[in-house]
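>
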Ligand code: PLP
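In the working numbering, the protein residues as written are 100 to 538.
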């Protein structure tokens, strides 16, 4: 760790960012990365366990973990060895099936209680896209229902009302320019955790809905825990109208429990999307669900849904997934990250109180967020929209100067991995104590 009074070295990072801006729009691979991390201007070149090393040789404890996939720690030896072995056998056949593909599909079916069949793809957005197409084909309907504050990827069907500015809360708010109006018009949005609003929209649209999609714990806005009443209403309403219930477990799946949020909250969705922690950072994702929906993608004469992708089921991702799932199930990963998560949350809450900052610490298991200027348990997007963004950015800057790295985006979250330790927590809380006293 560098002494916090020594300025972090960033000269090489800054030079690289400069070059990057010439050839990459915004100077980062996604707008969100650009928006979240500039003017941070740190470029990283390597990672191991819970540590990121910048091109300037500075080391940071990583709470970003690539937006969440790294559940076991960076460069986990067994996962990387599995991926290397896959490379030695050839990474892509694109023909019929293979033992690895069948094995990982069987594993997911065993682990996720609602899932009977699985199709692989490479990203969470692909998985939610496929799920919605399956649901539309099954019902013959076009409209889907999502919840304010839930993110399901970048495509036109769902990139709506994730982070609406305060003046657009309660409206259908497209997050990007260039979206197809018909897609936006066919996506209905209601508040999360509001059974009455859900019932109301189901009265009007229940019979012309193709699907209801949600993050069971919306971590895209920190952490909103679902109420039992809301989950009951979701199941009852989707059953009553025979509308597929789609669980987007891209964050929750395999990070919080080997059995997903569906196992944790005892809900039986029709379709499930997983990605991120499935492969500990390797690009692998899946859509799975009930046979009645999934079999539509069977490619025989009785079915008509196309699920396609040249790289779907590539062996690098699948080998990483097989090994990650094995470790997650056997090695007490979730107990470790959950216990750590609880101790970070408790320590931080005490610090907020000690320093008299209005705010709260939210989260679930290995995920936590500090939200300034808002109090009480958040249940829906309106409970977080007014948070103090500037103060969070100042906190993130102070922590970054002390070598703790997480996104300065105030709506996002910290992640923990199996590689984080009690010492990391002690250091984080000691440094947070200083930063919070300066804020
Ligand atoms: N669904 C959720 C809940 C996510 O958090 C994300 C990404 O952050 C996605 C879907 C989209 O996944 P990807 O970025 O892999 O396309």
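For glycine and all other residues, C-beta sits at the position ideal for the given N, C-alpha and C.
Would residue 448 pass as a contact of residue 460 if the rule is Cβ separation under 7 Å?
A contact, by the Cβ cut-off of 7 Å.
> Identify the continuous alpha helix (DSSP H) that holds residue 494 and give its terminal residues.
Taken as a continuous stretch (DSSP letters only), the alpha helix (DSSP H) holding residue 494 covers 488-500.
> Buried or exposed: residue 182, going by 16 or more other Cβ atoms within 10 Å of its Cβ?
The residue in question, residue 182, is buried, as its Cβ has 16 or more Cβ neighbours within 10 Å.
> What residue from 243, 500, 221, 281 has the CA that sits closest to residue 406's CA?
Of 243, 500, 221, 281, the residue nearest in Cα terms is 221.
> Please name the residue in 428, 178, 321 whose C-alpha comes closest to that of residue 476.
Comparing Cα positions, the closest option is 321.
> Looking at residue 74 and the ligand PLP, is the gap between the Cβ and the nearest heavy atom below 6 Å?
Because the chain is modelled from 100 through 538, residue 74 falls outside the range shown and cannot be assessed.
> Taking 6 Å as the cut-off, is the CB of residue 497 close to at least one heavy atom of the ligand ZN?
Looking for the ligand ZN in the displayed structure turns up nothing; the ligands present are the ligand PLP.
> Considering only the alpha carbon of each residue, which of 386, 442, 409 lies closest to residue 214?
Selected option, being the one with the closest Cα: 386.
> So does the region 328-344 actually touch the region 487-502, counting three or more Cβ pairs closer than 8 Å?
Flag = no, the region 328-344 and the region 487-502 do not touch.
> For residue 295, does the count of other Cβ atoms within 10 angstroms reach 16, so buried, or fall short, so exposed?
With fewer than 16 Cβ atoms within 10 Å of its Cβ, residue 295 is classed as exposed.
> Since residue 159 sits in a beta bridge, which residues does DSSP pair it with?
Its beta-bridge partners are 151.
> For residue 364, name the three-state secondary structure that DSSP assigns.
Residue 364 falls in the helix class under three-state DSSP.
> Can you name, in chain order, every residue of its own chain whose Cβ lies under 7 Å from the Cβ of residue 147, other than the five neighbours on each side?
If we look at residue 147 and ignore the five residues flanking it on each side, its Cβ neighbours are 173, 174.
> Between which two residues does the alpha helix (DSSP H) holding residue 108 run?
Careful: residue 108 lies outside any alpha helix (DSSP H) and carries neither H nor E.
> What I want to know is whether the C-beta of residue 320 ends up closer than 6 Å to one or more non-hydrogen atoms of the ligand PLP.
No, Cβ of residue 320 sits at least 6 Å from all heavy atoms of the ligand PLP.
> Return the chain-ordered list of same chain residues with a C-beta closer than 7 Å to the C-beta of residue 142, the five sequence neighbours on each side being excluded.
Answer for residue 142: 112, 115, 116, 153, 154, listed in chain order.
> Rounded to the nearest angstrom, what separates residue 125 and residue 378 at their Cα positions?
C-alpha separation (whole angstroms): 28 Å.
> Quick one: is the Cβ of residue 460 within less than 6 Å of any heavy atom of the ligand PLP?
Answer for residue 460: no, Cβ out of range of the ligand PLP.
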